[in-house]
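Report on the structure given below.
2 protein chains.
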Amino acid sequence: MNDKVMKGLGVLVVGAAIWFIPVPIGLKPVAWKLFAIFVATILGFILQPLPIGSIAFISITFTALAGVLKPAEALSGFSNGTIWLIVSAFLFAKGFIKTGLGRRIAYMLIKKMGDSTLKLGYTIVLSDLIISPATPSNAARAGGIIFPIVRSLASAFDSEPGPSARRVGSFLMQVGYQGNTITSAMFMTSMAGNPLIALLALQALNINITWGQWALAALAPGLLSLLVIPYFLYKVYPPELKETPEAKVLATKELETMGAMSIGEKIVAGIFVGALVLWSTSQYTKLDATVVAMLAVSVMMIARVLEWKDVLEEKGAWDTLIWMGALVGLADYLSKLGFIPWFSKVVSASIVGIPWLQAFMVLLVIYMYAHYGFASLTAHITAMYSAFVTVAAAAGAPVYLAALALAFMSNLCMSLTHYAAAPAPIYFGAGYISQGTWWKLGFWISVINMIIWVGLGSLWWKVLGLW
Amino acid sequence: MNDKVMKGLGVLVVGAAIWFIPVPIGLKPVAWKLFAIFVATILGFILQPLPIGSIAFISITFTALAGVLKPAEALSGFSNGTIWLIVSAFLFAKGFIKTGLGRRIAYMLIKKMGDSTLKLGYTIVLSDLIISPATPSNAARAGGIIFPIVRSLASAFDSEPGPSARRVGSFLMQVGYQGNTITSAMFMTSMAGNPLIALLALQALNINITWGQWALAALAPGLLSLLVIPYFLYKVYPPELKETPEAKVLATKELETMGAMSIGEKIVAGIFVGALVLWSTSQYTKLDATVVAMLAVSVMMIARVLEWKDVLEEKGAWDTLIWMGALVGLADYLSKLGFIPWFSKVVSASIVGIPWLQAFMVLLVIYMYAHYGFASLTAHITAMYSAFVTVAAAAGAPVYLAALALAFMSNLCMSLTHYAAAPAPIYFGAGYISQGTWWKLGFWISVINMIIWVGLGSLWWKVLGLW
Numbered sequence: 001m002n003d004k005v006m007k008g009l010g011v012l013v014v015g016a017a018i019w020f021i022p023v024p025i026g027l028k029p030v031a032w033k034l035f036a037i038f039v040a041t042i043l044g045f046i047l048q049p050l051p052i053g054s055i056a057f058i059s060i061t062f063t064a065l066a067g068v069l070k071p072a073e074a075l076s077g078f079s080n081g082t083i084w085l086i087v088s089a090f091l092f093a094k095g096f097i098k099t100g101l102g103r104r105i106a107y108m109l110i111k112k113m114g115d116s117t118l119k120l121g122y123t124i125v126l127s128d129l130i131i132s133p134a135t136p137s138n139a140a141r142a143g144g145i146i147f148p149i150v151r152s153l154a155s156a157f158d159s160e161p162g163p164s165a166r167r168v169g170s171f172l173m174q175v176g177y178q179g180n181t182i183t184s185a186m187f188m189t190s191m192a193g194n195p196l197i198a199l200l201a202l203q204a205l206n207i208n209i210t211w212g213q214w215a216l217a218a219l220a221p222g223l224l225s226l227l228v229i230p231y232f233l234y235k236v237y238p239p240e241l242k243e244t245p246e247a248k249v250l251a252t253k254e255l256e257t258m259g260a261m262s263i264g265e266k267i268v269a270g271i272f273v274g275a276l277v278l279w280s281t282s283q284y285t286k287l288d289a290t291v292v293a294m295l296a297v298s299v300m301m302i303a304r305v306l307e308w309k310d311v312l313e314e315k316g317a318w319d320t321l322i323w324m325g326a327l328v329g330l331a332d333y334l335s336k337l338g339f340i341p342w343f344s345k346v347v348s349a350s351i352v353g354i355p356w357l358q359a360f361m362v363l364l365v366i367y368m369y370a371h372y373g374f375a376s377l378t379a380h381i382t383a384m385y386s387a388f389v390t391v392a393a394a395a396g397a398p399v400y401l402a403a404l405a406l407a408f409m410s411n412l413c414m415s416l417t418h419y420a421a422a423p424a425p426i427y428f429g430a431g432y433i434s435q436g437t438w439w440k441l442g443f444w445i446s447v448i449n450m451i452i453w454v455g456l457g458s459l460w461w462k463v464l465g466l467w
Numbered sequence: 001m002n003d004k005v006m007k008g009l010g011v012l013v014v015g016a017a018i019w020f021i022p023v024p025i026g027l028k029p030v031a032w033k034l035f036a037i038f039v040a041t042i043l044g045f046i047l048q049p050l051p052i053g054s055i056a057f058i059s060i061t062f063t064a065l066a067g068v069l070k071p072a073e074a075l076s077g078f079s080n081g082t083i084w085l086i087v088s089a090f091l092f093a094k095g096f097i098k099t100g101l102g103r104r105i106a107y108m109l110i111k112k113m114g115d116s117t118l119k120l121g122y123t124i125v126l127s128d129l130i131i132s133p134a135t136p137s138n139a140a141r142a143g144g145i146i147f148p149i150v151r152s153l154a155s156a157f158d159s160e161p162g163p164s165a166r167r168v169g170s171f172l173m174q175v176g177y178q179g180n181t182i183t184s185a186m187f188m189t190s191m192a193g194n195p196l197i198a199l200l201a202l203q204a205l206n207i208n209i210t211w212g213q214w215a216l217a218a219l220a221p222g223l224l225s226l227l228v229i230p231y232f233l234y235k236v237y238p239p240e241l242k243e244t245p246e247a248k249v250l251a252t253k254e255l256e257t258m259g260a261m262s263i264g265e266k267i268v269a270g271i272f273v274g275a276l277v278l279w280s281t282s283q284y285t286k287l288d289a290t291v292v293a294m295l296a297v298s299v300m301m302i303a304r305v306l307e308w309k310d311v312l313e314e315k316g317a318w319d320t321l322i323w324m325g326a327l328v329g330l331a332d333y334l335s336k337l338g339f340i341p342w343f344s345k346v347v348s349a350s351i352v353g354i355p356w357l358q359a360f361m362v363l364l365v366i367y368m369y370a371h372y373g374f375a376s377l378t379a380h381i382t383a384m385y386s387a388f389v390t391v392a393a394a395a396g397a398p399v400y401l402a403a404l405a406l407a408f409m410s411n412l413c414m415s416l417t418h419y420a421a422a423p424a425p426i427y428f429g430a431g432y433i434s435q436g437t438w439w440k441l442g443f444w445i446s447v448i449n450m451i452i453w454v455g456l457g458s459l460w461w462k463v464l465g466l467w
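Protein sequence lines, in the order shown, are assigned to chains V and D. Under the numbering used here, think of the first position of the first sequence as 1, with each following residue one higher. Under the numbering used here, think of the first position of the second sequence as 1, with each following residue one higher.
Listed below in structure tokens is the structure:
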């Protein structure tokens, strides 16, 4: 019997065990059965006896087949606005990469300020920051836009994996990766799982985190992190080569090769700015974030910078639609059928008397370092966010503080390992940084990020009146 | 200004013209605006300034942006069970084709009676007829059973979408679809909406149409249609390859080459039989047709005869999901917001005082061709059947004649468009027949079917003593 079959059986055994346990008092049997399916699904996402899309599909099929949910209820996640925000954002990013606009922005920044290795590091981080609100796939941002530039920069300075790695390559790779970690946390649309967080917070705590609120709350700690982390790396993991006047030459050459901005790039740039304006003003215009993203994609299709065949070939969008849509449907009914309220009540009862601040700190640390066990930010969010935010609120933590701090931790935990999320294997796979070094640097950066985001961040959110 | 831009402007002008016309009395402004969007969308599907997927996407984006529907309402079609039956049917067919089972069945048919293309057409129609009383989902019958065989047959004769489409593929696809249209009308259990018709007739006219009555009334016109339509298509839309005497030899050789059935084929065959049993017993098990289709796909994924990457690469499924999901959502709200009931009332009011035969003929024609505005037979029935059957009876038409003729029209209108009902996008999506050809053939077949079913049918029903 092979490994996959063992894992599959493990998932089934756990699901069946929960299914057949006597239903706890105060809970409807159907809610408990749905919980069993939910746990088995999450376990399936972690162990992956089959790809997560298959598991999600099988999961909702079983849910409908067993009569736990009606077919229409089991399928309800597929018309969820958040899911279509993500699908649209995948398509948006495709236009960004396809036209070359992302690469151009990076090279322009390097040409302007790339004359030292530290400055180059900041340039990389800044490029990532600029495009991050429009690229919810941080893997697309890393793999499609920033990483290729970092890789070619390293080569331009004769820094290759091996003896010359530490010349500039190792430093730039780590800055590129850790910068991506930070920018992922900064916008609701800069990481695929972030809109899910907003939805889960709404389901669990009945609070509505808007695009603008998220961006504003992340602004101060985010910018501080983006300043501190590259400098920290520059000090503890320094490049051998500090001055890099050649980078400007390289960027100038690349920009010459690219020629003038194409019509397509100009259109995408215009759509990008327009979408940012509409997203950040949504509390006044009342325009739904999903509708804005769909509008951006619509304009790209009308302008033909995005062809319909590009849409159909964007497998990431369909993969996410299925597994996330299925999961959102299940999670939604977990709440509607009374499981989440019951769970909150049970937990609240059990932590009465513990001061909320201590409880919350413990929760944050557990949540962050639990990511050593995950290979996907979204899987981590899916498995733990709802429960942790519910418990934090039940312990007495202010709801926005709890929701936001956990939201940011959901991204910042990406610093830890070389398999933490999709961008990790891209940067790690280049071969400039050993696993031991990655984990060591990642751990210290996680500590710095916690201090900046939770310690200083909480003061900023107090100023903003969020708690 | 190029052709596509002109067409796009044409769509916008027509949509805007309807949008800004004063709203007819008795109709909410929002229903009229949605009608304007719907007409523009359908016109966009016809003129195709952009691929229909893009148009559908833009259409629901605009609907939400203009506040005609809430975002969740505009996206509602994406969790529609029928849509996921279609998506599942695409995946089911993929397993059918991938394992070679479809090819094997096709070669077995060819070996038996494949010496002319016309005979092959009749074989397809006959297969559909045999299983139709047991498959209330005509989409499951088309997508899960007949379509994969038709698709494999086409491939077996080297007829693929493109230059070789007309070799045999286009003809067989159209025969398969139009055969499904006819068999859908023939039994109370051969189309999901048919039992609803019986219920509505009972409610409106207090007549009880039994399963046997339906089958008997449909027998003569149904068999005649099944004889005439394939021959009609053979004459006006002929396959390039007519005589295929070498096909039997080829089929025998191919079957020998294929050898014994593989494990994969046996699994798919087992799933196929299982799905057939579950579909045909759905009135007892109460299992939803969509859930059965999803179960079949789930089992295929677990058994690894269908890999997740196959699913993600099945572009036809995603294309259909987008355009049909968008359209079904719009059509659903066209009814919910009161447009369809208003339309029925206006029509009813305009025929008061006209002799029943004329009035009835006008009603039948309107009822049939109103289906240009529907993407679901059941939606059409729900929206219009009660009103029309009531008006017909009120005008003096014999009740059984009125009830049965409208019942059959409720299915035969499926011939018209490539979005008429769930089987349509399955056959259309295969890419063998252009939209223009589909509509032209569909219109003529609707006329032939009306003559056979209403003209000759009414004589048959007279013989049966139904009026």
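C-beta: ideal position from N, C-alpha, C; glycine also.
- Note on geometry: alpha-carbon atoms of P341(V) and P195(V) lie some 22 angstroms from one another.
- In this structure, the CA atom of Y122(V) is about 12 angstroms from the CA atom of M173(V).
- Within chain D, the residues placing a beta-carbon under 8 angstroms from that of I58(V) are S298, M301 and I302, ordered along the chain.
- Per DSSP, F187(D) lies in no alpha helix (DSSP H) and is assigned neither H nor E.
- Under the three-state reduction of DSSP output, S376(V) falls in the coil class, being neither helix nor strand.
- Along the stretch 194 to 217 of chain D, there is no position whose C-beta sits under 7 angstroms from a C-beta of chain V.
- Here S116(D) carries a strand assignment [DSSP, helix/strand/coil].
- Proximity of the stretch 37 to 49 of chain V to the stretch 283 to 301 of chain D falls short of the contact definition, fewer than three beta-carbon pairs being nearer than 8 angstroms.
- By the Cβ criterion, the stretch 228 to 237 of chain D is in contact with the stretch 112 to 130 of chain D, since at least three pairs of Cβ atoms, one from each stretch, lie closer than 8 angstroms.
- For T135(V), there is no enclosing alpha helix (DSSP H), as DSSP marks it with neither H nor E.
- Taking the Cα of V277(V) as reference, the smallest distance to any Cα among E265(V), M261(V), L295(V) and I263(V) is reached at L295(V).
- Within chain D, no residue has its CB atom less than 8 angstroms from the CB of F92(V), the nearest being about 13 angstroms off.
- Residue range Q435 to M450 is occupied by the alpha helix (DSSP H) that includes G436(V).
- When the alpha-carbon of E265(D) is set against those of S59(D), L441(D) and G95(D), the nearest one is in G95(D).
- Taking a beta-carbon distance threshold of 8 angstroms, S376(D) does not count as an interface residue toward chain V.
- Annotated as distal: W461(V) and Y367(V), with beta-carbon spacing of 8 angstroms or more.
- Assignment of alpha helix (DSSP H) within the stretch 165 to 236 of chain D, counting only whole runs of 4 or more residues, yields 169 to 186, 194 to 205 and 211 to 236 in chain order.
- Three or more Cβ pairs closer than 8 angstroms define a contact, and the stretch 434 to 443 of chain D falls short of that threshold against the stretch 192 to 209 of chain D.
- Judged by beta-carbon spacing, S458(D) lies beyond the 8 angstroms limit of C413(D), meaning their Cβ atoms are not closer than that value.
- Spatial neighbours of A317(D) in its own chain (CB-CB distance under 7 angstroms, excluding positions within 5 residues in sequence) are listed in chain order as V87, F90 and L91.
- DSSP, read as helix, strand or coil, puts E73(V) in helix.
- Less than 8 angstroms divides the Cβ of M324(V) from the Cβ of I83(V).
- Rounded to the nearest angstrom, the gap between the Cα atoms of G431(D) and G162(D) is 8 angstroms.
- Ranked by Cα distance from L120(D), the first of I130(D), K242(D), K235(D) and G44(D) is K242(D).
- For E243(V), the three-state secondary structure derived from DSSP is strand.
- At a C-beta separation below 8 angstroms, A430(V) has no neighbours in chain D, since its nearest C-beta there lies roughly 25 angstroms away.
- The alpha-carbon of P398(D) is positioned some 51 angstroms away from that of A247(D).
- The beta carbon of A275(V) does not come within 8 angstroms of any beta carbon belonging to chain D, so the residue lies off that interface.
- Within 9 angstroms of the CB of K242(D), no CB atom of chain V is found; the nearest one sits about 35 angstroms away.
- Between V328(D) and A375(D), the gap from beta carbon to beta carbon is short of 8 angstroms.
- Under the DSSP assignment, P22(V) falls outside any alpha helix (DSSP H); it carries neither an H nor an E label.
- Under the 8 angstroms criterion on CB atoms, L312(D) is classed as interfacial with respect to chain V.
- With respect to the 8 angstroms criterion, A204(D) and S386(D) are classified as neighbours on the basis of their beta carbons.
- Going by DSSP, D158(D) is part of no alpha helix (DSSP H) at all; its letter is neither H nor E.
- Counting along the chain, A93(V) sits inside the alpha helix (DSSP H) bounded by residues G81 to T99.
- Distance from the Cα of L377(D) is smallest, within the candidate group V389(D), I52(D), A201(D) and D332(D), for D332(D).
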